[in-house]
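**Student:**
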Amino acid sequence: MHYLKKFLFSLLTLVLVFTATLPTSTFASSKHIGKEITLSKQLKAISGKTYRYFEDFTNDNTGLTYDAVRMNNDDLNEKKYTSPTNIGMYMMSTISADEMGIISRKEAVAKIEKTLDSLEDMKTWNGLFYNWYYTKDGSLMTDWGQFISTVDNGWLSAGLIVVGQAYPELNDQTSSIVDSMDYSTLYTPEVGQMRGGYDVEAGSYTAHHYGAFYTEPRVASYISIGKEDVPKEHWWKMYRTMPETWDWQAQTPEGYTETYDGVELFEGHYSYKGKKYVPSWGGSMFEALMPQLVLKEKELGKDALGLNNQRHVDIQIQYAEEQGFEAWGMSPAATPEGYSEFAATPLGMDGYKSDGTVTPHATFLALEYAPMEALKNINTLKRFDTYDKYGFLDSVNVETGEVTQAYLALDQGMIMVSIANYLKDGVIRDYFHEDKIGETPEELLIKEEFSIK
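Counted the way the numbering used here counts, the sequence shown spans residues 6 to 458.
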């Protein structure tokens, strides 16, 4: 017994000595791996619930998804109309569901075929789609006018491009629709920018152009250039910040003038507590990060868009902590009264409000830039009772605890595609960039350097 005790003591000593020689990073790495596994498991479960929205609230005959569903106790108020953005997000969500094993490839193709058949029969203007259609038959919804939205058509085009690469048997159909979408009709050559849209009923364009670069319409701009509907100079004609002399903006920008493809561009930036960034219009997460669902901004725009995306995520988290919010992620979302815009206000040229309203889709958009912070935030949001049958409800005010009992197709789609990109190494972006339209303008992402390093 004496010798056994001596042996065990010696063995324990060896273990302790060996353990003491291991670098601290070994334990930190093991802990990180454990969190990554936990995050992956949670994301797979969340994606299954989230896609159920598209399964239950997409018309079986037309393949068109309801814009939103609101709940009042056991009653469902289903918004049975849809938009080009919703259609694009539905198709990319269905591909995401296939990639993650939620549905089979055969099911995904069958679902998307219905959608494409509807799109071919739906009324358009210069190949571009109107803002609202009824899901029951794809007919034009005229209650809210007859508007052609630049940004919404951009997201439909993006979805079609991804479908065409994910399922080559559908490529002829998707390419035909995209080729017919003539973005030159929304472009003003003298300004070098896209109009907000066109009112067909009134026969007039919007008074404004999409001048701010770092907002969600940059996807439409990228696609327009990739299709050669507009010249690549358009990319450099948008404002990184507004000119220094425009004193209505939130900050006086700092920066310098650079020349790209013969176009002079003011590479301006704002600063927040030592962090430099190019602002979006309102400071919301989806303006900043929705485009990177399809654009390889992190991979190709290392000194510009990718770096700026990281800064916006970091500041969103920092700002929420400074406000005393228990969770972060401010972006336009459904509210109990309707729909409103929310942001980390300093991130915007003309920042949206911040009142404690947080929306889950913002967390998922940030996955690839702050995965461990996202994991923590997901669990915090669950404690607010935001997680239900179809995944996360659309928003919660973390100051009052009030949860909005609604789901939006757009936000469900952003969650689905974000998860697929995170778990499957950017699969949706890869499909988009495999198409010539996605590949051709890549040099624009690569060559630019923001003034924020």
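The beta carbon of each residue, even a glycine, is placed where N, CA and C say it ideally should be.
Between which residues of its own chain and L450 is the CB-CB distance below 8 Å, once the five residues before and five after are set aside?
**Tutor:** Here residue 450 refers to the residue found at position 445 when the sequence shown is read from its first residue. Here the set comprises L300, K301, E302, L305, G306, A309 and L310.
**Student:** To which residues does DSSP link M199 through a beta bridge?
**Tutor:** By 1-based counting over the sequence shown, the position of residue 199 is 194. The partner list for M199 (beta bridge, DSSP) reads Y192.
**Student:** Excluding the 5 residues flanking G288 on each side, which residues of the same chain have their C-beta closer than 7 Å to its C-beta?
**Tutor:** Position 283 of the sequence shown, counted from the start, is the residue given in the question as residue 288. These residues qualify, in order along the chain: A348, A349, T350, P351, L352, G353, G356 and Y357.
**Student:** In terms of alpha-carbon separation, which member of T246, E263, T250 and A411 lies closest to H274?
**Tutor:** As a first step, residue 274 is located in the sequence shown; it is residue number 269 there, counting from the start. Closest by alpha carbon: T246.
**Student:** With distance defined between alpha-carbon atoms, name the residue in F62, L386 and A50 nearest to T87.
**Tutor:** Counting from 1 along the sequence shown, the entry for residue 87 is found at position 82. Nearest of F62, L386 and A50 to T87, Cα basis: F62.
**Student:** Return the bridge partner residues of E263 from the DSSP annotation.
**Tutor:** As a position in the sequence shown, residue 263 is number 258, starting the count at 1. E263 pairs with L270.
**Student:** Can you tell me whether H438 is helix, strand or coil according to DSSP?
**Tutor:** For the purposes of this step, residue 438 is taken as residue 433 along the sequence shown, with counting starting at 1. H438: helix per DSSP, three-state reduction.
**Student:** Enumerate in chain order the residues of its own chain whose CB-to-CB distance from K237 is below 7 Å, with the five nearest sequence positions on each side excluded.
**Tutor:** Counting from 1 along the sequence shown, the entry for residue 237 is found at position 232. Excluding residues within five positions, the ones whose Cβ falls inside 7 Å are I230, D266, P446 and L449.
**Student:** From this set, T99, N426, Q170 and N91, which residue's C-alpha is nearest E373's C-alpha?
**Tutor:** Position 368 of the sequence shown, counting from 1, holds the residue named residue 373. Nearest of T99, N426, Q170 and N91 to E373, Cα basis: N426.
**Student:** From the DSSP output, in three-state form, read off T55 for me.
**Tutor:** Sequence index remark: in the sequence shown, residue 55 carries index 50 (1-based). Helix at T55.
**Student:** Which residues does DSSP pair with A339 in a beta bridge?
**Tutor:** As a working note, residue 339 is residue 334 in the sequence shown. DSSP output for A339 lists Y344 as bridge partner(s).
**Student:** Count the CB pairs spanning the segment 411-418 and the segment 429-439 that are closer than 8 Å, and state whether there are at least three.
**Tutor:** Taking 8 Å as the limit for Cβ pairs, the verdict is that the segment 429-439 does not touch the segment 411-418.
**Student:** Reducing DSSP to helix, strand and coil, say where Y357 ends up.
**Tutor:** Here the question's residue 357 lines up with position 352 in the sequence shown. In this structure, Y357 counts as coil in the three-state DSSP scheme.
**Student:** Identify, in the order they occur along the chain, each residue of the same chain with its Cβ nearer than 6 Å to the Cβ of W130, setting aside the five sequence neighbours on each side.
**Tutor:** On the sequence shown, position 125 is the one that residue 130 refers to. Excluding sequence neighbours, W130 sits near I153 and V205.
**Student:** When burial is assigned at 16 or more other CB atoms within 10 Å of the CB, is V235 buried or exposed?
**Tutor:** Locating residue 235 in the sequence shown gives position 230, counting from the first residue. With 16 or more Cβ atoms within 10 Å of its Cβ, V235 is classed as buried.
**Student:** Hey, W149 and W137: beta-carbon distance below 8 Å or not?
**Tutor:** Sequence index remark: in the sequence shown, residue 149 carries index 144 (1-based). Sequence index remark: in the sequence shown, residue 137 carries index 132 (1-based). In contact: W149 and W137 (Cβ atoms closer than 8 Å).
**Student:** Counting only runs that start and end within the segment 220-265, where is the alpha helix (DSSP H) found for 4 or more residues in a row?
**Tutor:** List check, alpha helix (DSSP H) in window: 223-231 and 238-241.
**Student:** Three-state secondary structure (DSSP) at Y395?
**Tutor:** Position 390 of the sequence shown, counted from the first residue, corresponds to residue 395. It is coil, neither helix nor strand.
**Student:** Which residue's Cα is closest to the Cα of H214: Y227, K242 and I228?
**Tutor:** Indexing the sequence shown from 1 puts residue 214 at position 209. When only C-alpha atoms are compared, the closest one is K242.
**Student:** In the DSSP output, what is E83 paired with across the bridge?
**Tutor:** One-based indexing of the sequence shown puts residue 83 at position 78. Bridge partners of E83: V74.
**Student:** Identify whether N66 lies in helix, strand or coil by the three-state DSSP scheme.
**Tutor:** Looking up residue 66 in the sequence shown gives position 61. Reduced to three states, the DSSP call for N66 is coil.
**Student:** Could you give the distance in angstroms between the alpha-carbon of T90 and the alpha-carbon of A163?
**Tutor:** As a working mapping, residue 90 is identified with position 85 in the sequence shown. As a working mapping, residue 163 is identified with position 158 in the sequence shown. Cα to Cα, the separation comes out at about 9 Å.
**Student:** Enumerate in chain order the residues of its own chain whose CB-to-CB distance from D440 is below 7 Å, with the five nearest sequence positions on each side excluded.
**Tutor:** What you label residue 440 is simply residue 435 of the sequence shown in a count that begins at 1. Closer than 7 Å at the Cβ level, and outside the excluded window around D440, lie I166, G169 and Q170.
**Student:** Going by alpha carbons, who is nearest to Y227 out of F271, G93 and V156?
**Tutor:** By one-based count along the sequence shown, residue 227 stands at place 222. Per the Cα distances, V156.
**Student:** Below 7 Å, is the gap between the Cβ of K280 and the nearest heavy atom of the ligand GDP?
**Tutor:** No copy of the ligand GDP occurs in the structure displayed, which carries no ligand at all.
**Student:** Could you give the residue range of the beta strand (DSSP E) that holds V401?
**Tutor:** Within the sequence shown, numbered from 1, the residue matching residue 401 stands at position 396. Unbroken beta strand (DSSP E) run through V401: S400 to N402.
**Student:** Just the C-alpha distance for D126 and N176, rounded to the nearest angstrom, thanks.
**Tutor:** Within the sequence shown, residue 126 is the residue found at index 121, counting from 1. Within the sequence shown, residue 176 is the residue found at index 171, counting from 1. Approximately 18 Å, taken between the alpha carbons.
**Student:** Can you give me the C-alpha to C-alpha distance between E174 and G361, rounded to a whole angstrom?
**Tutor:** Locating residue 174 in the sequence shown gives position 169, counting from the first residue. Locating residue 361 in the sequence shown gives position 356, counting from the first residue. The straight-line gap from Cα to Cα measures roughly 46 Å.
**Student:** Quick check on S285: does DSSP put it in helix, strand or coil?
**Tutor:** Counting from one through the sequence shown, the residue named residue 285 turns up at place 280. Strand at S285.
**Student:** Are the beta-carbon atoms of A379 and M290 separated by less than 8 Å?
**Tutor:** For the purposes of this step, residue 379 is identified with residue 374 of the sequence shown, where counting begins at 1. For the purposes of this step, residue 290 is identified with residue 285 of the sequence shown, where counting begins at 1. Taking 8 Å as the Cβ cut-off, A379 and M290 do not qualify as a contacting pair.
**Student:** Between the alpha carbons of V114 and E104, how many angstroms are there, rounded?
**Tutor:** For the purposes of this step, residue 114 is identified with residue 109 of the sequence shown, where counting begins at 1. For the purposes of this step, residue 104 is identified with residue 99 of the sequence shown, where counting begins at 1. In a straight line, the C-alpha of V114 is about 12 Å away from that of E104.
**Student:** Under 7 Å Cβ to Cβ from L48, same chain only, skipping five residues before and after it: list those, please.
**Tutor:** To locate residue 48, count along the sequence shown from 1; it is residue 43. Contacts found: I424, Y427 and L428.
**Student:** DSSP three-state label for L413, please.
**Tutor:** Here residue 413 refers to the residue found at position 408 when the sequence shown is read from its first residue. Strand.
**Student:** Restricting to runs no shorter than 3 residues, where is the beta strand (DSSP E) found entirely within the segment 113-155?
**Tutor:** Listed in chain order, the complete beta strand (DSSP E) runs (minimum 3 residues) inside the segment 113-155 are 152-154.
**Student:** Closer than 6 Å by C-beta to E83: which residues in its own chain qualify, once you throw out the five before and the five after it? Chain order, please.
**Tutor:** The sequence position of residue 83 within the sequence shown is 78, counting from 1. Result list for E83: Y71 and V74, in chain order.
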